[in-house]
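Numbers given in this note's numbering equal positions in the sequence shown, counted from 1, plus 43.
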Amino acid sequence: MKRLLFLFLLLTSCGVFHPTKFNDLSLNEKLLNEKRESIKFSEALKEDKNQKKTLIHLYASYCPFSQKSIKDVAKLQSESDNFNYVSLSVDHSYHDWKRELKNIPIKGKHFYLSSKGKGAIGSFLNLKKVPRFLILDEEDEI
């Protein structure tokens, strides 16, 4: 009986939530652009949509794994024009992000998450580590 109970608890606790759309709270989270202007995440996704899929890249410029992922995304960009690119930084500060932005070869839209990944977007994605990649289809479904 104990084994059966353990097996039941194990199987029910391992369920994984796979959302297909961002919730309203995360879509309303404020991002900062390169000019330090505030913009909602939903507005950032709508800009220049042009019926392509969107690749969202969450990273931190100080993280070695993120630095490698930046090179990988740049390589993907050079090989394919199938995506709109949105990069979201969770750097320690806006100034750190802005200083490192000139070293990032990724074309597309770049934003800073002032919540450092602990706000609505980070909570929605259960963000604990970077880099993280998401692909949205033309209807913004994950």
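Idealized CB from N, CA, C, for every residue including glycine.
In this text the structure is predicted, and so the values were computed from the model without any measurement.
Quiz prompt | Buried versus exposed, by CB contacts within 10 Å (16 or more), Y186 | solution = There is simply no residue 186 to check, as the chain begins at 44 and stops at 185 in what is shown.
Quiz prompt | Supposed contact pair H100 and Y12 - C-beta distance, whole angstroms, cut 8 Å | solution = Outside the displayed span of the chain (44 to 185) sits residue 12, for which this structure offers no information.
Quiz item: Ends of the beta strand (DSSP E) at F65?
Solution: First-last for F65: undefined, no H or E at that position.
Quiz prompt | Contact check, K114 vs L179, beta carbons under 8 Å | solution = no
Practice problem: Tell me whether the beta-carbon of D183 lies closer than 8 Å to the beta-carbon of K64. | Solution: yes
Quiz item: What three-state label does DSSP hand S136 in the structure shown?
Solution: coil
Exercise. List the DSSP bridge partners of R175.
Key: L101
Quiz item: Name the DSSP bridge partner or partners of K73?
Solution: K83
Quiz prompt | L131, DSSP secondary structure in three states | solution = strand
Exercise. Would you identify the three-state DSSP class for D183, choosing helix, strand or coil?
Key: coil
Quiz item: Just the Cα atoms here: how many angstroms apart are K171 and Q94?
Solution: 31 Å
Practice problem: Quickly, what does DSSP pair H153 with across the bridge? List them, please. | Solution: S130
Quiz item: According to the neighbour-count rule (16 or more other Cβ atoms, all chains shown, within 10 Å of its Cβ), is Y105 buried or exposed?
Solution: exposed
Exercise. Quick one: using the 10 Å Cβ neighbour count with 16 as the cut-off for buried, is P62 buried or exposed?
Key: exposed
Self-check item: DSSP three-state assignment for K114, whether helix, strand or coil
Solution: helix
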